[in-house]
Amino acid sequence: MAGRVGAEHRHQTITTTALFVPGRWQALLAKLAVHAVAGLGYGLLSAAMAGAALFAAATAKGITLGLPAGAVLVLLVRIVLAMAAYMLLGVAVGALLPNQVAAPAVLGGYFYLVETALLMVPGANVLYPYLPGGAAAALTGFTYLADAVATQTGGAAVVLLPAWLGAAVLLAYALLAALVAIAAPLRRDIT
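Rendered as C-alpha cells:
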C-alpha cells in the first residue's frame with residue numbers, strides 16, 4: 002500500500018485529487034478508511050483460504066492438529082486484524098514518503114532488518130515487544146523469529162506482550178502513523 006500511495010505522486014494523479022477534494026486531510030482519511038476495510042477483506046480472504054487449506058489437508062491426511070479448531074480460528078482472526086493494521090501503516094508511510102519505491106523499501110528495511118537486528122542486541126531486545134513487528138508477533142502468536150534469534154545467540158527468548166496488548170500497541174502505531182500522515186502533507190506542496 003505504501004507503493005500505491007506513492008504512485009499517486011509519481012504519476013501526478015494526486016493533483017487531481019487535491020483539486021476535487023476540499024481538504025487533503027479528507028482525501029487521506031478516506032484512503033485510510035478504504036484501505037483499512039480492504040485490509041480486513043484481504044486478511045479475511047487470506048485467513049479463510051489458509052484455514053480451509055489447513056483443515057482440509059489435516060482431514061484428508063488424517064492428521065490431528067496440535068491446537069483445537071477454535072484456537073486456530075482465533076489465530077486466524079488475529080491475522081485478519083494484523084493485516085488491517087499493517088494496511089493502515091502502509092498507507093500512512095506512503096503518504097509520508099511520496100515515492101513509490103522509497104516507501105516500501107523503508108518499510109521492508111525497517112521490519113526485516115532493523116527490528117530483527119534489534120532482537121540480536123542484548124539489552125536492547127527488550128524493546129522488541131513494543132515495536133510494530135513485536136506487537137504483531139504478540140497479536141498473531143508468532144514467536145518463531147524471537148525464538149530463532151534466542152537459539153542462535155544463546156540468550157533467552159524475548160517475552161512478547163499478551164495478544165490483546167499486542168493488538169493495542171499495533172493499533173496505536175497505525176493510528177499514530179495515520180495522524181502524522183494526515184498532518185504532514187498539509188504543509189508541503191504536491192507538485
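Its first residue numbered 2, the sequence shown is counted upward by one per residue in our numbering. We put the beta carbon where it would ideally sit given N, CA and C, even for glycine.
Item, Value
"Contacting residues, own chain, Cβ-Cβ under 8 Å from L162 (five flanking each side not counted)", "P130, Y131, G135, A136, A139 and V170"
"Outcome for L46 when other beta-carbon atoms lying within 10 angstroms are tallied against a minimum of 16", "exposed"
"Local Cβ density within 10 Å of Y87, reported as buried at 16 or more and exposed below that", "buried"
"A104 beta carbon less than 7 Å from that of V94", "yes"
"Residue closest to P99, alpha-carbon to alpha-carbon, out of I64, L29, A58 and A54", "L29"
"Closest residue to H36 among A175, A185, A53 and V181 (Cα-Cα distance)", "A175"
"Sequence-distant residues of its chain with Cβ nearer than 8 Å to A151 (five each side left out)", "A157, A158 and V159"
"Nearest to L74 (by Cα), restricted to the options A168, M84, A53 and G63", "A53"
"For L77 and A173, the rounded distance between their alpha carbons", "21 Å"
"Selection from L41, I64, M121 and V102 that minimises the alpha carbon distance to M84", "L41"
"Beta-carbon gap between A178 and L90 smaller than 7 Å", "yes"
"Euclidean distance between Cα positions of A168 and L108", "19 Å"
"Neighbour-count burial assignment, T65, 16 or more Cβ in a 10 Å radius", "exposed"
"Cβ pair M31, A96 closer than 7 Å", "According to the sequence provided, residue 31 is Ala. The question's Met does not apply to it. Their beta carbons are not under 7 Å apart, which means A31 does not touch A96 by this criterion."
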